[in-house]
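Numbering (the working numbering), first residue to last: 17 to 248.
Heads up: the structure comes next, in structure tokens.
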Ligand SMILES: [Zn+2]
């Protein structure tokens, strides 16, 4: 399975693939915290699932990889089925409830590092029944990790995926800066980090067509993460 590594050794970290060729990975994180669930229940927020992103990727037949939290999957089972049903989409793990396992990780809720392996394993058990293109890729919330956290993942045999192109889409109020942030940095082998969380990343679907056009101009081709990271 893509991303599977030897169980019992510190999880490796990658942030891009080979700088040869023309492939880039578009990755979309699906965050979900208890606070976000409370906002949905209270009606303060309409949706944390940006279906316009899926519409566009499907219409244009663009491959993508989704880093899913367990709580997002449980809140959006139909959207998860839609992602898993697309042969161009890969599914990856982004913790159960988007907690941090290190100190000073933005203002994310913190859990002790000895709960990390259980949290990530539980998330796989939530995601795996959906089938499709499952992987052993894992992304830390906020990309926050330290040696203790990487050691704690050793029993799971995963690959930790950061990324080399941060779109900056969380809480964005305009789409043009996202397009510029991505197109200024993207290169062959890049892993672009975006979010599919709608209310917390409201400009991503507006930026995406311009990002795709910019990639075409640069002769860069979106591909599933496993194909971007594969050694050439
Ligand atoms: Zn996240």
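C-beta atoms are modelled at their ideal positions from N, C-alpha and C, and glycine is treated no differently.
On a predicted model such as this, the values are computed, not experimentally measured, just so you know.
Sequence-distant partners of residue 96 (beyond 5 residues in either direction) whose C-beta falls short of 6 Å from its own C-beta, in its chain, are 89 and 146.
Beta-bridge analysis with DSSP links residue 206 to 32. Its Cα nearest to that of residue 208, the residue 244 stands out among 244, 126 and 214. The beta carbon of residue 101 sits closer than 8 Å to the beta carbons of 148 from its chain, once the five residues preceding and following it are set aside; these are given in chain order. Scanning its chain for C-beta atoms nearer than 7 Å, with the 5 sequence neighbours on each side dropped, one finds around residue 137 the residues 172, in chain order.
The beta carbon of residue 117 sits no closer than 8 Å to any heavy atom of ligand 1.
In the three-state reduction of the DSSP assignment, residue 110 falls in the coil class. In this structure, the CA atom of residue 31 is about 19 Å from the CA atom of residue 168. Annotation for residue 154 indicates a beta carbon at 8 Å or more from all heavy atoms of ligand 1. Within the same chain, and ignoring the five residues on either side of residue 183 in sequence, the residues whose Cβ sits closer than 7 Å to its Cβ are 194, 197, 198, 208, 209 and 210.
DSSP places residue 42 inside the beta strand (DSSP E), whose first and last residues are 39 to 46. Rounded to whole angstroms, the gap between the alpha carbons of residue 107 and residue 114 is 16 Å. Rounded to whole angstroms, the gap between the alpha carbons of residue 221 and residue 58 is 25 Å. For the options 159, 55 and 179, the alpha carbon positioned closest to that of residue 116 is the one of 159.
For the pair residue 83 and residue 154, the CB atoms are nearer than the 9 Å cut-off.
Under the DSSP assignment, residue 53 falls outside any beta strand (DSSP E), being part of the alpha helix (DSSP H) whose first and last residues are 50 to 57. Apart from sequence neighbours up to five positions away, the residues of its chain that approach residue 61 with a beta-carbon distance below 8 Å are 52, 55 and 215, ordered along the chain.
Residue 48 sits buried, since 16 or more C-beta atoms from the chains shown fall within 10 Å of its C-beta. Taking residue 99 as reference, the option from 44, 37, 21 and 180 with the minimal CA-CA separation is 44. Relative to the Cα of residue 81, the nearest Cα in the group 128, 152 and 219 belongs to 152. For residue 141, the enclosing alpha helix (DSSP H) has its first and last residue at 132 to 143.
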